[in-house]
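K.L.:
Chains as they are written, first to last, in this note's numbering: chain A, 1 to 349; chain B, 350 to 681.
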Amino acid sequence: MANMTQALRMALHYGEEHLELRDIFGEDVGPPLGGVFTATQGLKTAWNSPLDERGIVGTAIGIAMTGQRCVAEIQFVDYIFNTIDLLKTAGNTLWAGNGQFPLPLVLMTPNGAGIHGAIYHSHSFDTWGVRLPGWKVVSPSNAKDAYGLMLSAILDPNPVLYLKPKALLRVKTPELIPGEPEDQKQLKEMIDAPVGEERKNWKPQWPKLEKYTVPIGKGSIVQEGEELTVVSFGRSLHLCKQALSSLSLSVELIDLRSLYPYDWTLIKSSVQKTKRLLIVNEDTEVANFGEHLALRAVQEGFYHLLAPPRVLSGKQVPGVGLHNNLESATVPQVKDIQSEIKNLIETKW
Amino acid sequence: MTQNSLSKDLLLKIHNLMVKARVTEERLIHIYKQGLGYFWIGGPGEEAFAIPLGLLINKGQGLNHDWLYLHYRSLPTLIAMGLSMKEAFRAMFNKATDTSSGGRNFANHYCIPKWNVPPITSVIENQYSMSIGTAHVLKKAPDNQSLVVVTGGDAGTHEGDFATCLIWSSRPGKELPLLITVQNNAWGISTSYSSQHSEQHISQRGEPFNIKNLSINGNDPEESYLALKEQMAWIRKHRKPVLLEARVSRLYGHSSASGANYMEEECCIKTLEKKLKSEKLLKEKDIKDIWGSYREEAKKVQKEVMEESDPDGNTIWNHIYANNENADWRKF
Ligand SMILES: Cc1ncc(C[n+]2csc(CCOP(=O)(O)OP(=O)(O)O)c2C)c(N)n1
Chain A
1 MANMTQALRM ALHYGEEHLE LRDIFGEDVG PPLGGVFTAT QGLKTAWNSP LDERGIVGTA
61 IGIAMTGQRC VAEIQFVDYI FNTIDLLKTA GNTLWAGNGQ FPLPLVLMTP NGAGIHGAIY
121 HSHSFDTWGV RLPGWKVVSP SNAKDAYGLM LSAILDPNPV LYLKPKALLR VKTPELIPGE
181 PEDQKQLKEM IDAPVGEERK NWKPQWPKLE KYTVPIGKGS IVQEGEELTV VSFGRSLHLC
241 KQALSSLSLS VELIDLRSLY PYDWTLIKSS VQKTKRLLIV NEDTEVANFG EHLALRAVQE
301 GFYHLLAPPR VLSGKQVPGV GLHNNLESAT VPQVKDIQSE IKNLIETKW
Chain B
350 MTQNSLSKDL LLKIHNLMVK ARVTEERLIH IYKQGLGYFW IGGPGEEAFA IPLGLLINKG
410 QGLNHDWLYL HYRSLPTLIA MGLSMKEAFR AMFNKATDTS SGGRNFANHY CIPKWNVPPI
470 TSVIENQYSM SIGTAHVLKK APDNQSLVVV TGGDAGTHEG DFATCLIWSS RPGKELPLLI
530 TVQNNAWGIS TSYSSQHSEQ HISQRGEPFN IKNLSINGND PEESYLALKE QMAWIRKHRK
590 PVLLEARVSR LYGHSSASGA NYMEEECCIK TLEKKLKSEK LLKEKDIKDI WGSYREEAKK
650 VQKEVMEESD PDGNTIWNHI YANNENADWR KF
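(1) Tell me which residue opens and which closes the alpha helix (DSSP H) that K172(A) is part of.
(2) Please indicate yes or no: does the CB of G394(B) lie closer than 7 Å to some heavy atom of ligand 1?
(3) For a cutoff of 8 Å on Cβ pairs, would you count T284(A) as touching chain B?
(4) Is the region 49 to 67 of chain A touching the region 22 to 32 of chain A, taking contact as three or more C-beta pairs under 8 Å?
(5) Consider the C-beta atom of I529(B) and the heavy atoms of ligand 3; say whether any pair is separated by less than 7 Å.
(6) Cα-Cα, which of N568(B), K523(B), M367(B) and L424(B) is closest to G391(B)?
(7) With a 10 Å radius around its C-beta and 16 neighbouring C-beta atoms as the bar for buried, classify T347(A) as buried or exposed.
(8) Should M479(B) be labelled buried (16 or more other beta-carbon atoms within 10 Å of its own) or exposed?
(9) By the 7 Å beta-carbon criterion, what residues does the region 438 to 466 of chain B contribute toward chain A?
(10) Just to check, is the beta-carbon of H603(B) closer than 7 Å to a non-hydrogen atom of ligand 1?
(11) Residues of chain B with a CB under 8 Å from the CB of D85(A): which are they?
(12) Identify every run of the beta strand (DSSP E) within the region 14 to 91 of chain A, keeping only runs that are complete inside it and at least 3 residues long; order them along the chain.
(13) Does G66(A) come within less than 8 Å of chain B when only Cβ atoms are used?
(14) Would T506(B) and I551(B) be called neighbours here (beta carbons separated by less than 8 Å)?
(15) Using a Cβ-Cβ cut-off of 8 Å, state whether I565(B) counts as contacting chain A.
(16) Would V251(A) and V280(A) qualify as a contact pair, given that the criterion is a beta-carbon distance under 8 Å?
(17) Report all residues from its chain with a CB closer than 6 Å to the CB of G555(B); omit the five preceding and five following residues, and keep chain order.
(18) Grouping DSSP H, G and I as helix and E and B as strand, with all else coil, what is T330(A)?
(19) Is T513(B) close to chain A? Criterion is C-beta to C-beta, closer than 8 Å.
(20) Assign D156(A) to one of three DSSP states: helix, strand, or coil.
(21) Is V672(B) helix, strand or coil by DSSP?
(22) Please say whether N3(A) and V171(A) have beta carbons closer to each other than 8 Å?
(23) Out of curiosity, what's the CA-to-CA distance linking P31(A) and K203(A)?
(24) Excluding the 5 residues flanking A11(A) on each side, which residues of the same chain have their C-beta closer than 6 Å to its C-beta?
(25) Is any heavy atom in ligand 1 found nearer than 7 Å to the beta carbon of Q532(B)?
(26) Is I254(A) near ligand 1, in the sense that its beta carbon is under 7 Å from a heavy atom of that ligand?
(27) In this structure, how does DSSP classify A113(A) when only helix, strand and coil are distinguished?
(28) Could you say which of F76(A), G114(A) and T213(A) lies nearest to G234(A) if we only look at CA atoms?
(29) Mind checking which residues open and close the beta strand (DSSP E) that includes E350(A)?
(30) Is DSSP giving N566(B) helix, strand or coil here?
(31) Bridge partners of I390(B), per DSSP?
(32) Which of the three DSSP states is assigned to P165(A) in this structure?
(33) Establish whether the CB of Y379(A) and some CB of chain B are separated by less than 8 Å.
(34) Whose C-beta lies closer than 8 Å to the C-beta of F125(A) among residues of the same chain, with five residues either side of it excluded?
(35) E594(B) to G452(B), Cα distance in whole Å?
(36) If you measure beta-carbon to beta-carbon, which residues of the region 94 to 118 of chain A are closer than 7 Å to chain B?
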């Protein structure tokens with residue numbers, strides 16, 4: 001029962017051992033810290049880069065240009081913005097060069113609110129990411145998917161932006177990763193670095209992990225239902241689950257997992273059944289990626305829908321404020337999701 | 350051949366390639382001015398530096414060859430490596446046959462995997478950030494003698510990517526086999542070097558990073574060839590970076606953006622021809638013949654390329670993802 005951080009670490013280890021992953025790098029990614037969330041602890045190819053996000057993205061592109069695989073990290077997605085033209089370049093290199101230089105790189109970064117991270121540790125990059133054609137964008141909501149999506153991302157011949165939901169990095173999910181020991185304490189002893197002096201000579205004992213992939217572009221049905229489809233991912237998915245747990249309504253909950261390419265087949269068939277759609281995410285609301293899905297649902301299913309699809313997302317304000325009242329007023333909360341759900345189910349055109 | 354000069358054959362070869370590159374560029378400008386092509390940007394005036402660079406490259410594909418992160422003034426380097434005039438015209442006419450970009454990108458934005466040339470991007474200086482990743486791979490490869498060349502202009506050195514390149518290539522114990530060049534033509538588009546730079550030579554920016562550095566006269570092909578040869582050999586051996594600034598001319602202004610008209614600056618080909626004549630290596634007639642035959646070739650190739658097919662609009666969906674995996678959401 002790994003948490004998401006342990007799952008990521010194990011996926012990266014699997015990548016090093018079996019998927020020709022040669023470089024894992026970023027700010028404080030190598031020893032002694034192994035990442036500010038410890039996701040890269042104990043990995044043999046992890047190294048510390050200069051504190052320079054443009055250099056990190058540029059280096060990842062340059063490594064990938066040779067055909068070698070790497071996973072680079074932006075310490076917090078809040079600090080990715082000064083790399084945007086390099087992200088554009090990574091996304092258009094294959095296209096601009098007439099299909100001649102694929103870039104098999106992964107850029108992972110903690111994303112979103114939920115840890116009282118104030119203005120500069122709470123940004124969401126979901127919609128920005130989707131606006132980078134040439135990239136694939138994924139975001140897991142549980143440890144097993146985190147493992148499976150990371151393996152797929154490493155294997156993918158394209159740039160993959162891997163958004164790690166910051167607030168879920170310590171959350172454990174009951175499903176085991178293939179090869180992971182059942183005893184949680186045992187796993188901790190094997191792969192979590194001790195604090196203090198002991199860390200100096202510490203080496204992880206990796207479990208015998210197996211290959212498990214979650215295909216990029218495939219969502220999953222978390223809960224089946226008949227009256228409404230809720231589409232979410234990452235941290236918001238958990239809030240949706242909580243919201244539903246105290247409502248006795250028949251709602252289908254979809255975990256998108258991949259933001260681009262996205263699983264339209266899954267969403268469409270669900271909405272055909274429920275005839276109602278709610279999309280929930282944390283990024284700011286104007287020109288939000290969810291609006292694209294909502295519009296598509298209207299355009300393709302107008303005459304079947306019982307209510308206008310809705311998008312519940314972050315408020316169009318410059319950041320997420322620190323105080324709980326400010327954060328709650330900015331990004332969707334359980335009660336907001338519940339009231340959207342009730343409204344949608346009660347609404348008729 | 351003494352240490353300070355090149356053999357007669359090499360000098361004549363360099364001259365010949367310089368003329369070929371210049372004629373190609375002048376034809377591209379002509380195409381632009383006739384309204385037959387869109388924007389032009391290129392490297393006339395930089396041949397004395399860029400041709401020797403191309404000749405010294407260990408050309409090929411993969412880690413056992415050099416890699417080139419070039420910018421939009423690099424046609425002469427690629428001509429020296431064997432690029433045909435046809436490829437240059439195909440890009441200028443944005444033809445389907447343009448192997449570099451399939452008609453997507455401007456003239457002189459090449460992409461040539463068989464010579465380790467990743468796509469040239471218009472974004473000033475991005476190539477300096479990307480080059481370090483490739484140099485990192487070469488540094489780790491066992492028994493490797495290949496290097497990465499990254500080129501750009503003087504104004505671009507004010508972008509953060511230039512600092513990135515200096516910092517990442519000089520980390521203690523992790524220095525990178527990187528030839529960092531700056532072709533200093535003393536201009537941005539219309540902004541002069543002197544109005545923006547407090548450093549006397551851009552190469553001096555290597556000092557605080559302990560990067561070996563030098564400034565050379567990039568209008569002199571002999572000085573350029575010898576300096577490049579020495580520095581590249583040093584990088585191959587020591588696996589550490591060199592920052593090399595070459596002072597060059599900008600003979601047709603910045604690009605179409607400034608009209609692409611001839612400017613009165615030192616022309617490195619004229620200077621070389623004077624020398625070749627005075628040393629009796631070439632006669633006036635030989636020189637005329639070289640120019641004449643390349644001009645004829647250029648006209649002929651232009652005609653041929655104009656007949657080639659244009660890209661189909663549907664090709665915009667090609668190559669967004671590798672192996673042409675679908676990237677169009679309508680088909681998800
Ligand atoms: C990031 C970026 N900013 C601005 C431009 C527009 N632009 C194109 S060339 C140029 C001047 C570049 O000057 P320099 O680096 O000295 O190179 P030169 O063209 O003189 O060889 C500018 C500002 C650009 N292409 N990219």
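Beta carbons: idealized from backbone N, C-alpha and C, even for Gly.
P.N.:
In terms of the structure at hand:
(1) Counted as a single uninterrupted DSSP element, the stretch harbouring K172(A) is not any alpha helix (DSSP H), since DSSP gives it neither H nor E.
(2) A distance criterion of 7 Å places the beta-carbon of G394(B) beyond contact range of ligand 1, judged by its closest non-hydrogen atom.
(3) Not an interface residue.
(4) Touching, yes.
(5) For the structure depicted, ligand 3 is absent and the ligand set comprises only ligand 1.
(6) Among N568(B), K523(B), M367(B) and L424(B), the Cα nearest to that of G391(B) belongs to L424(B).
(7) By the 10 Å Cβ count, T347(A) comes out exposed.
(8) M479(B) should be labelled buried.
(9) From the region 438 to 466 of chain B, only T448, S449, S450, G451, R453, N454, C460 and P462 have a Cβ closer than 7 Å to chain A.
(10) Yes.
(11) Among the residues of chain B, those whose CB is under 8 Å from the CB of D85(A) are V472 and N475, following chain order.
(12) Within the region 14 to 91 of chain A, the complete beta strand (DSSP E) runs of at least 3 residues are 21 to 26, 46 to 48 and 69 to 73.
(13) First, the residue type needs correcting, since residue 66(A) is Thr and not Gly in the sequence shown. Yes - at least one Cβ of chain B is within 8 Å of the one on T66(A).
(14) Yes, the Cβ-Cβ distance between T506(B) and I551(B) is below 8 Å.
(15) Under the Cβ distance rule, I565(B) does not count among the residues neighbouring chain A, no pair being separated by less than 8 Å.
(16) Result no, Cβ atoms of V251(A) and V280(A) do not sit closer than 8 Å.
(17) Hits under 6 Å: N562 and L592.
(18) Helix.
(19) Look at T513(B): its C-beta is under 8 Å from a C-beta on chain A.
(20) Here D156(A) sits in coil by DSSP.
(21) Position check: residue 672(B) holds Asn in this sequence, whereas Val was assumed. Helix at N672(B).
(22) The answer is yes: Cβ separation under 8 Å.
(23) Distance between the alpha carbons of P31(A) and K203(A): 11 Å.
(24) The beta carbon of A11(A) sits closer than 6 Å to those of Y147, M150 and L151, all from its chain and outside the five residues before and after it, given in chain order.
(25) At least one heavy atom of ligand 1 falls within 7 Å of the beta-carbon of Q532(B).
(26) Not so, every heavy atom of ligand 1 lies at least 7 Å from the Cβ.
(27) In the structure shown, A113(A) falls within a coil segment according to DSSP collapsed to helix, strand and coil.
(28) Checking every option, the nearest Cα to that of G234(A) belongs to G114(A).
(29) Outside the modelled stretch of chain A, which goes from 1 to 349, sits residue 350(A), for which no answer is possible.
(30) The answer is strand: DSSP assigns N566(B) an E or B state.
(31) Beta-bridge partners assigned by DSSP to I390(B): none are found.
(32) P165(A) carries a strand assignment under DSSP once its states are collapsed to helix, strand and coil.
(33) In this structure chain A extends from 1 to 349, so residue 379(A) is not present and cannot be described.
(34) The residues are V77, I80, T109, N111, L161, L163 and D283.
(35) Each residue's Cα considered, the two are about 33 Å apart.
(36) Within the region 94 to 118 of chain A, L94, W95, A96, G97, N98, G99, Q100, F101 and P102 place their CB atoms closer than 7 Å to a CB of chain B, listed in sequence order.
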